[in-house]
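K.L.:
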Amino acid sequence: MTTTTPDVSPTAAGAGANASDAARASAVRHGQAVASAERLSTVARAMLDAVHGVIRDHRLTYPEFQAAKRWIMAVGESGEWPLFLDVFVEHVVEQVAADSQQGTVGSIEGPYYLPAQRRFPSVATLPMRDDEPGDPLVFSGQVRDLTGTPVPHAELDIWHNAADGFYSGFAPHLPDGLFRGTITTDEQGRFEITTIKPAPYQLPMDGPTGHFVEAAGWHLWRPAHLHLMVRADGHRRITTQLYFDGGDYIDDDVARAVKDELVLAPEPGPDGRLRVEYDFVLEGG
Ligand code: DHB
Ligand code: FE
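In terms of my numbering, the sequence shown is residues 402 to 686.
(1) Can you tell me which of the three DSSP states F580 falls into?
(2) Please indicate yes or no: does the CB of G611 lie closer than 7 Å to some heavy atom of ligand 2?
(3) Could you give the C-beta distance for P599 and H626, rounded to a whole number, given that I count them as a contact under 8 Å?
(4) Got a sec: does ligand 1 put a non-hydrogen atom nearer than 7 Å to the Cβ of D565?
(5) Count Cβ pairs between the segment 546 to 556 and the segment 631 to 638 that sit closer than 8 Å; are there 3 or more?
(6) Which residue comes first and which comes last in the beta strand (DSSP E) that contains A525?
(7) From this set, L538, W622, T548, which residue's C-alpha is nearest E678's C-alpha?
(8) Could you pull the start and end residues of the beta strand (DSSP E) that E678 belongs to?
(9) Does the Cβ-Cβ distance between F545 and D680 come in under 8 Å?
(10) Any heavy atom of ligand 2 closer than 7 Å to the CB of R581?
(11) Could you give the residue range of the beta strand (DSSP E) that holds M630?
(12) Could you tell me if Y568 is buried or exposed, where buried requires 16 or more neighbouring beta carbons within 10 angstroms of its beta carbon?
(13) For the putative contact between R520 and T595, defined by C-beta atoms under 8 Å, what is the C-beta separation to the nearest angstrom?
(14) Can you tell me whether F613 is helix, strand or coil according to DSSP?
(15) Return helix, strand or coil for T374, following the three-state DSSP convention.
(16) My guess is that A658 and P512 are in contact by the Cβ rule of under 8 Å, so how many angstroms apart are they, rounded?
(17) Between T505 and T610, what straight-line distance do the alpha-carbon atoms span, to the nearest angstrom?
(18) Which residue comes first and which comes last in the beta strand (DSSP E) that contains R591?
(19) With 16 as the cutoff for other CB atoms within 10 Å, does I473 come out buried or exposed?
(20) Between the alpha carbons of A572 and V682, how many angstroms are there, rounded?
Dropping the structure here:
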């Protein structure tokens, strides 16, 4: 059998296993939640009650229960839990966190953040190959605090997919570090990043998550997006995403993570490249 994507295995071997490693690192970064017995009991009880309610309401049968068990085991064995949880659950955790956050609104982190990437000054071109496919994009802006004061030397982690939809570090055919970097803002909190416009993203279809979504007749697409993490001493770190007006799946994100405030509308500049500005506002400081 011939295939158009010979060495690309973005599921268990590529995305799944690597996403599990990245998820362990991310859990460490976010700190240990020290749950009291009371908190654990309350939350666990509520979750089990919710599951029992679904079983009663939908008259779940033994064969369905056994199929669900097998599928849950398969998701674990393939390392797809980080993908599944980030795409179907994280957006609600983010909404709850957003209730106590001012400044730029957040969005989900997703499974593909990698720390310790190449560092750049305030004007930067992200790592890419010669003749990289995709529409060039110049993304610039300023980091300020809630009073409007610029935040100099803020750090901006950016990561996004290549024009073929895959993320470096999670797809064997892409060079490490592609479209990833940490930019430090200048004295006025400004930055200018040259990259390409990312592409819509489809979760791997050939693993248990893909099989389930296909069987249910759903789709697994996210609209094109830039991932960003912005931090500065004395300020609360934000994790967010920026989307593109009018793009595919912008109104039908499988991860339900699009917010109106985060949608960009780039326009071609005098040199023909797409340009867009976006300013970040950090709490604290
Ligand atoms: C997933 C992938 C993403 O690129 C993203 O931004 C969010 C979630 C996922 O595979 O779960
Ligand atoms: Fe993403």
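C-beta: ideal position from N, C-alpha, C; glycine also. None of these values were measured; they are calculated from a predicted model.
P.N.:
Reading it off the structure:
(1) In the displayed model, F580 falls within coil according to three-state DSSP, outside both helix and strand.
(2) Distance from the C-beta of G611 to the nearest heavy atom of ligand 2 is not below 7 Å.
(3) Yes, P599 and H626 are in contact; Cβ-Cβ is about 6 Å, under 8 Å.
(4) It does not: the Cβ of D565 is nowhere closer than 7 Å to a heavy atom of ligand 1.
(5) Yes, the segment 546 to 556 touches the segment 631 to 638.
(6) Counting along the chain, the unbroken beta strand (DSSP E) around A525 starts and ends at 524 to 526.
(7) Answer by Cα proximity: L538.
(8) Residues 675 to 678.
(9) According to the sequence as given, residue 545 is Arg; it is not Phe. Yes, they are a contact pair.
(10) Distances taken from the Cβ of R581 to the heavy atoms of ligand 2 include none shorter than 7 Å.
(11) 626 to 632 is the extent of the beta strand (DSSP E) around M630.
(12) Here Y568 is buried: its Cβ has 16 or more other Cβ atoms, across all protein chains shown, within 10 Å.
(13) With a Cβ gap of about 16 Å, R520 and T595 do not count as contacting.
(14) Reduced to three states, the DSSP call for F613 is helix.
(15) Because the chain is modelled from 402 through 686, residue 374 falls outside the range shown and cannot be assessed.
(16) A658 to P512, Cβ: 13 Å. No contact.
(17) Cα to Cα, T505 sits roughly 32 Å from T610.
(18) It spans 591 to 597 - the beta strand (DSSP E) in which R591 sits, taken as one unbroken run.
(19) I473 comes out exposed.
(20) A572 and V682 have their C-alpha atoms spaced approximately 33 Å apart.
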